[in-house]
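Numbering (this note's numbering), first residue to last: 2 to 309.
C-beta atoms are modelled at their ideal positions from N, C-alpha and C, and glycine is treated no differently.
Report on the following structure.
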């Protein structure tokens with residue numbers, strides 16, 4: 002156990018179904034039984050927890066937070082030779098449930114998921130687990146088709162000297178080209194993370210994924226634009242009416258997951274709240290961190306059925 006900015010930090014692994022997942026628990030010194038823990042799911046698929054660590058480090062001063070690297074990524078067990086059918090939403094739902102059981106939190110927890118992690122959080126919520134108290138879904142969509150249409154629109158609005166190399170290399174399958182990568186960085190700077198300099202946790206996350214891209218390439222494809230992977234036809238819209246816990250949606254005005262895409266979640270979950278961060282793109286927790294923490298903590302504090 003270590004102490005970081007007034008919060009205690011412990012790390013460990015959980016073995017489940019012959020697999021191993023790494024986790025980190027950040028929380029206030031001494032157990033706070035009056036505060037329901039918050040489990041944080043990272044995006045990708047194929048990223049790591051590192052870029053979401055600031056969320057746990059800020060909220061963890063008053064509430065236990067759990068970070069983890071999803072199977073196949075970062076510090077968890079890798080399965081680089083697994084077939085495409087191995088990487089399913091069901092696999093990652095089972096992983097969350099195993100982690101909750103291992104930590105003794107299955108009876109009561111909040112869940113915050115970012116991007117793909119938000120999609121995963123919705124996949125868990127529609128199964129109506131008994132211990133889930135509330136959801137924070139950040140920068141996620143309900144339909145891959147809508148997401149692709151909106152990313153295509155954002156791409157069409159780029160200057161021609163940026164748009165043309167992206168379209169040309171996507172069509173040719175040469176997305177490893179330096180010209181393509183340079184153009185994509187312009188898109189990312191507008192619609193993925195506008196914070197400058199790029200936060201170190203995000204750089205670590207991207208380095209991990211670059212070194213081990215199997216999960217991202219299998220489930221998403223070679224880039225954010227084409228989405229040719231196993232999630233290409235993912236659509237949860239017709240199951241959203243099964244979400245029965247309070248839901249907070251957060252996203253950025255300049256997000257690659259556009260307001261149109263987020264609106265489909267709000268439409269499908271009556272009573273869902275939505276906070277749109279005007280100065281952010283896909284990562285308001287890094288672009289407007291103080292306001293992000295305020296919005297999330299205020300929402301969690303209101304979920305007072307039993308404990309908050």
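- Report buried or exposed for residue 268, applying the criterion of at least 16 other Cβ atoms within 10 angstroms of its Cβ. It counts as exposed.
- Task: Could you tell me whether the Cβ atoms of residue 23 and residue 99 are closer together than 8 Å?
- Result: For the 8 Å CB-CB criterion, residue 23 and residue 99 do not form a contact.
- Message: In whole angstroms, give me the CA-to-CA distance for residue 117 and residue 141.
- Response: Cα atoms of residue 117 and residue 141: separation of roughly 6 Å, rounded to the nearest angstrom.
- Three or more C-beta pairs below 8 Å linking the region 103 to 111 and the region 256 to 272: Flag = no, the region 103 to 111 and the region 256 to 272 do not touch.
- Message: Under DSSP, the beta strand (DSSP E) around residue 167 begins and ends at which residues?
- Response: Per DSSP, residue 167 lies in no beta strand (DSSP E); the unbroken alpha helix (DSSP H) holding it starts and ends at 161 to 173.
- Item | Between the CA atoms of residue 156 and residue 173 - distance to the nearest angstrom | Between the alpha carbons of residue 173 and residue 156 lies a gap of roughly 17 Å.
- Message: Less than 7 Å between C-beta atoms, sequence neighbours within five positions excluded: which residues of the same chain meet that for residue 214?
- Response: Shown here for residue 214: same chain residues with a beta carbon closer than 7 Å to its own, the five before and five after excluded, namely 47 in chain order.
- Item | Whole beta strand (DSSP E) elements within the region 36 to 70, 3-residue minimum | Counting whole runs of 3 or more residues, the region 36 to 70 contains the beta strand (DSSP E) stretches 39 to 42, 66 to 69.
- Item | Proximity of residue 274 and residue 129 at Cβ, strictly below 8 Å | Residue 129 sits away from residue 274, with the two beta carbons spaced by 8 Å or more.
- Item | Anticipated Cβ contact below 8 Å, residue 195 with residue 115, distance rounded | Contact check for residue 195 and residue 115: beta-carbon distance about 16 Å, past the 8 Å limit, so the pair fails to qualify.
- Task: Entirely within the region 262 to 306 and at least 4 residues each: give me those alpha helix (DSSP H) ranges in chain order.
- Result: Counting only runs of 4 or more, we get 285 to 288, 290 to 303.
- As assigned by DSSP and simplified to three states, the class of residue 15: Of the three classes helix, strand and coil, the one that applies to residue 15 here is strand, per DSSP.
- From the DSSP output, which residues share a beta bridge with residue 26? Beta-bridge pairing links residue 26 to 11, 67.
- Query: residue 95 and residue 71: beta carbons closer than 8 Å?
  - Reply: Going by beta carbons, residue 95 and residue 71 fall outside the 8 Å limit.
- Message: Between which residues of its own chain and residue 178 is the CB-CB distance below 6 Å, once the five residues before and five after are set aside?
- Response: Around residue 178: 170.
- The alpha helix (DSSP H) enclosing residue 203, as first and last residue numbers: Counting along the chain, the alpha helix (DSSP H) containing residue 203 begins and ends at 201 to 212.
- Query: Span of the beta strand (DSSP E) holding residue 185?
  - Reply: According to the DSSP assignment, residue 185 belongs to no beta strand (DSSP E) but to the alpha helix (DSSP H) extending over 179 to 192.
- As assigned by DSSP and simplified to three states, the class of residue 114: Here DSSP, grouped into helix, strand and coil, assigns residue 114 to strand.
- Identify which residue in 88, 78, 77, 58 has its Cα closest to the Cα of residue 230. That would be 88, whose Cα lies nearest to the Cα of residue 230.
- Message: So for residue 4, helix, strand or coil by DSSP?
- Response: With a pLDDT of 48 at residue 4, under the threshold of 50, the modelled position of this residue cannot be trusted; read the value that follows with caution. Strand.
- Task: Under 8 Å Cβ to Cβ from residue 314, same chain only, skipping five residues before and after it: list those, please.
- Result: Since the first residue of the chain shown is 2 and the last is 309, residue 314 is not available in this structure.
- Query: DSSP three-state call for residue 308: helix, strand or coil?
  - Reply: Bear in mind that the predicted position of residue 308 carries a pLDDT of just 46, short of 50, making it unreliable; the figure below should be weighed with that in mind. When secondary structure is reduced to three states using DSSP, residue 308 falls in the coil class, being assigned neither helix nor strand.
- Task: Report back the beta-carbon spacing between residue 28 and residue 14 to the nearest angstrom; my notes put them in contact at under 8 Å.
- Result: That pair is no contact at about 18 Å.
- Check each candidate in 92, 84, 36, 38 and name the one with the smallest Cα separation from residue 19. Looking at the Cα atoms, 92 is the closest of the given residues.
- In angstroms with no decimal places, state the Cα-to-Cα distance between residue 137 and residue 81. One C-alpha to the other measures close to 30 Å.
- Give me the Cα-Cα distance between residue 222 and residue 37, rounded to the nearest whole angstrom. About 36 Å.
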